[in-house]
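Residue numbers (the numbering used here): 16 to 260.
Written below as structure tokens is the structure these notes are about.
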């Protein structure tokens, strides 16, 4: 005889007697098992950073977990990255369509809601599965930094700072203790690097860190160079010595 849970375990459209959608919970667990991603809003813009673990023979010049959506919007992902690419493609198409129709940059919240609506639809229809990825969306519109999180359940929430992926609870606690709204872009970048070091097994070097900025003065997305990341990492180790443990 099959366990009572198994029917609810297999059907994404059926609530269990205790009000749970197991397939959605499994998708969220996929996010928790992914490598860490961090997003921070500061007075000078947005910082998004991720940990990537390339294999020894892998050519790792291209970031796999940070994506550009539009000139002014970037995304960091944790979870099942092929699902992230699908949602990123959707977001890019949506953003460009919005620009053609309204002739103005799309709000970050508008993109976040669009992706969250899609994720929610994938929790209630047979023949599909939930997206196994969470996204941190950051951007600048009219000199206003905006940071949002979407998850597999279809939820989207605005944050000042957020971490997702493996070790995110610990990193979130760290951010809650150290984050200040008046952080500069440099300080926020060092804070993001410190968060990644806190979660990562690799406490030395920066080859496993990828980072992007969206600055309020330009409103443009840009990848941070390895040299700049190394500088932020050095600042992080000096300012947050727990990373050396």
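Beta carbons are placed, not taken as given, at the ideal position from N, Cα and C, and that holds for glycine.
Remember, it's a predicted structure, so these values are computed and weren't measured experimentally.
Through-space distance from residue j to residue i, alpha-carbon basis
{"i": "residue 243", "j": "residue 218", "result": "17 Å"}
{"i": "residue 260", "j": "residue 201", "result": "Annotation note: pLDDT 44 at residue 260 (below 50); position unreliable, coordinate value reported separately. Their backbone Cα atoms lie some 23 Å apart in a straight line."}
{"i": "residue 59", "j": "residue 229", "result": "9 Å"}
{"i": "residue 220", "j": "residue 74", "result": "17 Å"}
{"i": "residue 180", "j": "residue 190", "result": "14 Å"}
{"i": "residue 122", "j": "residue 157", "result": "10 Å"}
{"i": "residue 137", "j": "residue 255", "result": "41 Å"}
{"i": "residue 103", "j": "residue 252", "result": "33 Å"}
{"i": "residue 173", "j": "residue 36", "result": "24 Å"}
Per-residue DSSP class, three states only, for residue i
{"i": "residue 173", "result": "strand"}
{"i": "residue 228", "result": "strand"}
{"i": "residue 259", "result": "Confidence in residue 259 is poor, its pLDDT being 46 and thus under 50, which makes the residue's placement unreliable; the coordinate value appears in the next sentence. In the structure shown, residue 259 sits in a helix (DSSP, three-state: H, G or I)."}
{"i": "residue 85", "result": "strand"}
{"i": "residue 94", "result": "strand"}
{"i": "residue 143", "result": "coil"}
{"i": "residue 196", "result": "coil"}
Burial state of residue i, where buried means 16 or more other Cβ atoms lie within 10 Å
{"i": "residue 143", "result": "exposed"}
{"i": "residue 163", "result": "buried"}
{"i": "residue 258", "result": "Reliability fails at residue 258, whose pLDDT of 45 lies under 50, so the model's placement of it is uncertain and no value is given."}
{"i": "residue 108", "result": "exposed"}
{"i": "residue 134", "result": "buried"}
{"i": "residue 70", "result": "exposed"}
Terminal residues of the alpha helix (DSSP H) in which residue i lies
{"i": "residue 61", "result": "No alpha helix (DSSP H) contains residue 61, which is instead part of the beta strand (DSSP E) from 60-66."}
{"i": "residue 247", "result": "241-254"}
{"i": "residue 43", "result": "37-48"}
{"i": "residue 123", "result": "123-136"}
Unbroken beta strand (DSSP E) run spanning residue i, endpoints
{"i": "residue 154", "result": "148-156"}
{"i": "residue 6", "result": "Past the boundaries of the shown model lies residue 6; the chain is included only from 16 to 260, so the question cannot be answered."}
{"i": "residue 236", "result": "236-238"}
Under 8 Å between C-beta atoms of residue i and residue j
{"i": "residue 89", "j": "residue 132", "result": "no"}
{"i": "residue 54", "j": "residue 176", "result": "yes"}
{"i": "residue 1", "j": "residue 148", "result": "This structure leaves residue 1 out entirely; the chain is present only between 16 and 260."}
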